[in-house]
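J.: Pasting a structure below so you can have a look.
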Amino acid sequence: MKTLRPGFEVVEPSFGSSFTYSKYVQNENNKAHLWHYHPEIEMVFVNGGSGKRQIGSHVSYYTDGDLILIGSNIPHCGFTDTNTGNKTEVVIQMKPDFLGTEFLKLKETRGIASLFEKAKDGIAFGRDTMKLVGPTLEKMHNAWPLERLLALLGVLRELEQASDYKILNALNYSLEMQVQDNDRINMIFNYVKDHFQEQMRLDEIAEMSSMTVPAFCRYFKKITKKTFTRFVNEYRVVHASKLLAEKHISITAISFESGFNNFSHFNKIFHEFTGKSASEYRNELKSIIK
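For what it's worth, our numbering labels the leading residue of the sequence shown as 122, then goes sequentially.
This is how it looks when you write it as structure tokens:
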């Protein structure tokens, strides 16, 4: 069985800067589909469009843009592709101590230190905060290095004070462990990403991880705070949510395209995760997008 590990991304600061700033037009971020990780904290602002988030063991669907803050070494996929429909995408990557080890110990910056701590689980910010800081993030593209740094500090200040946010991963989720463990869990995430539309046998996944089935189940639950079956079902439901918004095909076809081989089972799982039926979800999404 062929397995793929997440890529370790080497991040180089922008010229004249202590952090990396990249701005992409529509779907020009050709690295967005890759499953990767890096020690830098990453901020992503997607201006418009809809797509899928996968950050650590969390998967979800966003509409009308996104603003994300991801902590060090949390594996994630990019948030845009050819179907997203976004106008632009801004990606900022910074070492946790990019301003010096003493900076975040100052009284004035303790809130930013707390923000970085929360980012270890991944943070998604709401519409109000996106509208507040989005224009600043986009204007940084043409700013001089010092102006860009000051703008970033201003954005971080707004994010630390924001109330419209949600933590994406389970409490105490972390991949700060032995390298071989990091590689193993990321390999599993990557396999699910590539094969969730197929039938996945637990014994094959366990064998791929060099574990017995009971050991693998305990290991996965310890790392992700959820069972492997729940993680796969969650991934499939999020994919179905994306198809419900983007494709004018029957809900039955969407269920099979999302990896469910039983339509009634799909209905049950979709309602369990979203609190509504697939048809209700599609109708509500249409009203939001209009």
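For every residue, glycine included, the Cβ atom is placed at its ideal position computed from N, Cα and C.
#1: Take the Cβ of residue 297 as the centre, count every other Cβ of all protein chains shown within 10 Å, and call the residue buried at 16 or more, exposed below.
#2: Residue 166 and residue 215: beta carbons closer than 8 Å?
#3: Which residue from 399, 158 and 147 puts its Cα closest to that of residue 388?
#4: Should residue 125 go down as buried or exposed, given a rule of 16 or more other Cβ atoms within 10 Å for buried?
#5: In the DSSP assignment, the alpha helix (DSSP H) including residue 238 goes from what residue to what residue?
#6: Check whether the Cβ atoms of residue 199 and residue 240 lie closer than 8 Å to each other.
#7: Looking at the unbroken alpha helix (DSSP H) that takes in residue 388, where does it start and where does it end?
#8: Taking just the CA atoms, how far does residue 318 sit from residue 381?
#9: Count the other CB atoms within 10 Å of the CB of residue 248; is the residue buried (16 or more) or exposed (fewer)?
#10: Round the Cβ separation of residue 364 and residue 379 to the nearest angstrom and send it over; I've been treating them as touching at under 8 Å.
#11: With H, G and I counted as helix, E and B as strand and the rest as coil, what does DSSP make of residue 181?
#12: Would you mind working out which of 233, 208, 211 and 212 sits nearest residue 220, comparing C-alpha positions?
#13: Measuring straight from C-alpha to C-alpha, what distance separates residue 123 and residue 392?
#14: Can you name, in chain order, every residue of its own chain whose Cβ lies under 8 Å from the Cβ of residue 390, other than the five neighbours on each side?
#15: Is it true that the stretch 200-214 meets the stretch 160-174, where meeting means three or more beta-carbon pairs spaced less than 8 Å apart?
#16: Take residue 209 and list the residues in its own chain whose beta-carbon comes closer than 7 Å to its own, dropping the five residues that flank it on each side.
#17: I'd like to know whether the C-beta atoms of residue 361 and residue 376 end up nearer to each other than 8 Å.
#18: With 16 as the cutoff for other CB atoms within 10 Å, does residue 370 come out buried or exposed?
#19: By the three-class DSSP mapping on this structure, what secondary structure does residue 173 have?
#20: Given residue 246, which residues of its chain have a CB within under 7 Å of its CB, disregarding the five upstream and five downstream residues?
#21: How would you write the range of the beta strand (DSSP E) that residue 188 sits in, first residue to last?
#22: Between residue 237 and residue 176, is the Cβ-Cβ spacing less than 8 Å?
#23: Going by C-alpha distance, which of 182, 196 and 273 is nearest residue 306?
#24: Using 8 Å as the limit for Cβ to Cβ distance, is residue 379 near chain C?
T.: Let's see:
#1: Start at 1 with the first residue of the sequence shown, and residue 297 comes out as number 176. No answer about residue 297 holds up, because its pLDDT of 45 lies below 50 and its placement is not dependable.
#2: Sequence index remark: in the sequence shown, residue 166 carries index 45 (1-based). Sequence index remark: in the sequence shown, residue 215 carries index 94 (1-based). Result no, Cβ atoms of residue 166 and residue 215 do not sit closer than 8 Å.
#3: Residue 388 sits at position 267 when you count from the first residue of the sequence shown. Among 399, 158 and 147, the Cα nearest to that of residue 388 belongs to 399.
#4: Numbered from its first residue, the sequence shown carries residue 125 at position 4. Residue confidence is low: residue 125 scores 45 on pLDDT, short of 50, so the model does not pin down where it sits. Its coordinate-derived value is still stated next. It is exposed - the Cβ of residue 125 has fewer than 16 other Cβ atoms within 10 Å.
#5: As a first step, residue 238 must be located in the sequence shown, where it is residue number 117. Its alpha helix (DSSP H) spans residues 231-239.
#6: Locating residue 199 in the sequence shown gives position 78, counting from the first residue. Locating residue 240 in the sequence shown gives position 119, counting from the first residue. Not closer than 8 Å, so no.
#7: Within the sequence shown, the letter at position 267 stands for residue 388. Taken as a continuous stretch (DSSP letters only), the alpha helix (DSSP H) holding residue 388 covers 384-395.
#8: Your numbering for residue 381 matches position 260 in the sequence shown. Your numbering for residue 318 matches position 197 in the sequence shown. Distance between the alpha carbons of residue 381 and residue 318 is about 8 Å.
#9: Along the sequence shown, one-based indexing puts residue 248 at 127. That one is exposed.
#10: Numbered from 1 along the sequence shown, position 243 holds the residue referred to as residue 364. Numbered from 1 along the sequence shown, position 258 holds the residue referred to as residue 379. About 7 Å; that satisfies the 8 Å criterion.
#11: As a working note, residue 181 is residue 60 in the sequence shown. Three-state result, residue 181: strand.
#12: As a working note, residue 220 is residue 99 in the sequence shown. Selected option, being the one with the closest Cα: 233.
#13: Working through the sequence shown from its first residue, we reach residue 123 at position 2. Working through the sequence shown from its first residue, we reach residue 392 at position 271. Since pLDDT at residue 123 reaches only 41, below the 50 mark, its modelled position is unreliable, and no value is offered.
#14: Position 269 of the sequence shown, counted from the start, is the residue given in the question as residue 390. Counting only Cβ-Cβ distances below 8 Å, and skipping sequence neighbours, we find 354, 357, 358 and 381.
#15: yes
#16: Reading the sequence shown from its first residue, position 88 is the one you call residue 209. Correct list, in chain order: 144, 145, 146, 168 and 259.
#17: Numbered from 1 along the sequence shown, position 240 holds the residue referred to as residue 361. Numbered from 1 along the sequence shown, position 255 holds the residue referred to as residue 376. Cβ distance < 8 Å, so residue 361 and residue 376 count as in contact.
#18: What you label residue 370 is simply residue 249 of the sequence shown in a count that begins at 1. Exposed: under 16 other Cβ atoms inside 10 Å.
#19: Your numbering for residue 173 matches position 52 in the sequence shown. Here residue 173 sits in strand by DSSP.
#20: Position 125 of the sequence shown, counted from the first residue, corresponds to residue 246. For residue 246, where only same-chain residues beyond five positions count, the Cβ hits under 7 Å are 188, 280, 283, 285 and 286.
#21: As a first step, residue 188 is located in the sequence shown; it is residue number 67 there, counting from the start. First-last of the beta strand (DSSP E) with residue 188: 187-191.
#22: Taking the first residue of the sequence shown as 1, we reach residue 237 at position 116. Taking the first residue of the sequence shown as 1, we reach residue 176 at position 55. No, they are not a contact pair.
#23: In the sequence shown, residue 306 corresponds to position 185, counting from 1. Comparing Cα-Cα distances from residue 306 to each of 182, 196 and 273, the minimum goes to 196.
#24: Protein chains in the displayed structure number just one, and chain C is not present.
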